[in-house]
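In what follows, a structure is listed as structure tokens, so that the remarks can point back to it.
2 protein chains.
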Amino acid sequence: MESQDLRNAGLKVTAPRLKMLELLEKAEGRHLTAEAIYRLLLDAGEEIGLATVYRALTQFEAAGLVTRHHFEGGQAVFELERGPHHDHIVCIHCGRVEEFYDEVIEKRQRSIAEKLGFNMRDHTLTLYGECNAPSCMNKRIKS
Amino acid sequence: MESQDLRNAGLKVTAPRLKMLELLEKAEGRHLTAEAIYRLLLDAGEEIGLATVYRALTQFEAAGLVTRHHFEGGQAVFELERGPHHDHIVCIHCGRVEEFYDEVIEKRQRSIAEKLGFNMRDHTLTLYGECNAPSCMNKRIKS
DNA sequence: CTTGCACTTGAGAATAGTTATCATATAAGA
DNA sequence: TCTTATATGATAACTATTCTCAAGTGCAAG
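Residue numbers (the working numbering), protein chains in the order written: chain A, 1 to 143; chain B, 1001 to 1143.
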């Protein structure tokens, strides 16, 4: 239950926070911007402020409930932290995001950090490319 | 000579652009923000506008003369594009940046992209950790 | 050399994304 | 139920960057 997640994080259980978590749940791994979350909730008839969305997302991130990614371009995107770590590949044409995990790369990163005298704490790996989704390829031909 | 780089890129050879390239050259691989470049030039007695710095950096990037990184936190940093591709590891305490290149990771990325149906065009890999520089460790103990 | 003009420049306004402020509202332990 | 630390929404403020525009300048053609 989401309310338990909130309590564990030392956050009060409030309507805006629950709605946001539900939405992220329903989004099933899609990567949403703060703005998108705000609009979706408004469209669903919820009363919520953009500031609250940003605030809550920051708190969720601190609590390890969501992850923030920056990819290329302005806005940050958020996704629910379900399961283990993974990296991303983003289509430079349609923005589609796929996730992957590679043990070889993970191991290699740790040993590189160690060799350079760093105690590794985190990393971001994002690949960019052209995806082979039909809808995306069509768009490219037209333009 | 830098002026040739500019001509090759289809850019006119102007004082501000040359000064910026010289500065980046002297920075020897340090990663500078647009703001830092601007201030350094002002301090050196050059007359230049911040808008010009941003404009030129964008043009240099398009021409492949410099690379733009986002790391964590607000401002982008720039470095001269000398030699082959490399990735970065950043100290989360002092911000020190080291560079590395790992053929195993590079290969692995390409095959992952292919497997997922992407034609890979680019990637960013940044590790974050605590560095073992004496100056950095001291600061941590004090605070 | 001059000259013409497309390209540049600097200053400041404008924008995008995000965070801070503040008065009001509310969750939840006593 | 009371109390109070937290949370909320509206809006102002802020940061990084880009845009606008009038004035200036590199450079190719004469």
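All residues carry an ideal CB built from backbone N, CA and C; glycine is no exception.
Taking a Cβ-Cβ threshold of 7 Å, the residues of chain A close to threonine 1126/B are His123, Thr124, in chain order. The way I'd put it, the stretch 1021-1039 of chain B doesn't touch the stretch 108-121 of chain A; fewer than three beta-carbon pairs between them come closer than 8 Å. Beyond the five residues adjoining it in sequence on each side, leucine 1021/B comes within less than 6 Å, by CB distance, of Glu1002 in the same chain, given in chain order. Below the 8 Å Cβ cutoff, chain B contributes no neighbours of aspartate 5/A, its closest Cβ being approximately 25 Å away. In the displayed model, arginine 55/A falls within a helix according to three-state DSSP.
Interface residue (Cβ-Cβ distance to chain B less than 8 Å): glutamate 130/A is classified as such. Contacts between valine 1104/B and chain A, judged by CB atoms closer than 9 Å, involve Val104, Ile105, Arg108 in chain order. By the neighbour-count criterion, in which 16 or more other beta carbons inside 10 Å mark a residue as buried, histidine 1085/B falls on the exposed side. For arginine 68/A, the pairing in a beta bridge is given by DSSP as Phe78/A. The alpha carbon of glutamate 47/A has as its nearest neighbour, out of Pro16/A, Cys91/A, Lys107/A, Arg110/A, the alpha carbon of Pro16/A. The beta-carbon distance between aspartate 1087/B and threonine 1052/B, rounded to whole angstroms, is 30 Å. This is too long to meet the 8 Å contact definition. His70: these are the residues of the stretch 61-87 of chain A whose beta carbon lies less than 7 Å from some beta carbon of chain B, given in chain order.
Under the DSSP definition of a beta bridge, glycine 129/A partners with Cys91/A, Met1120/B. Using a 10 angstroms sphere on the CB of valine 13/A, the tally of other CB atoms stays under 16, which defines it as exposed. The beta carbons of alanine 63/A and alanine 9/A sit closer together than 8 Å. Looking from the CA of aspartate 5/A, the closest CA among Ala34/A, Gly74/A, Val66/A, Val104/A belongs to Val66/A.
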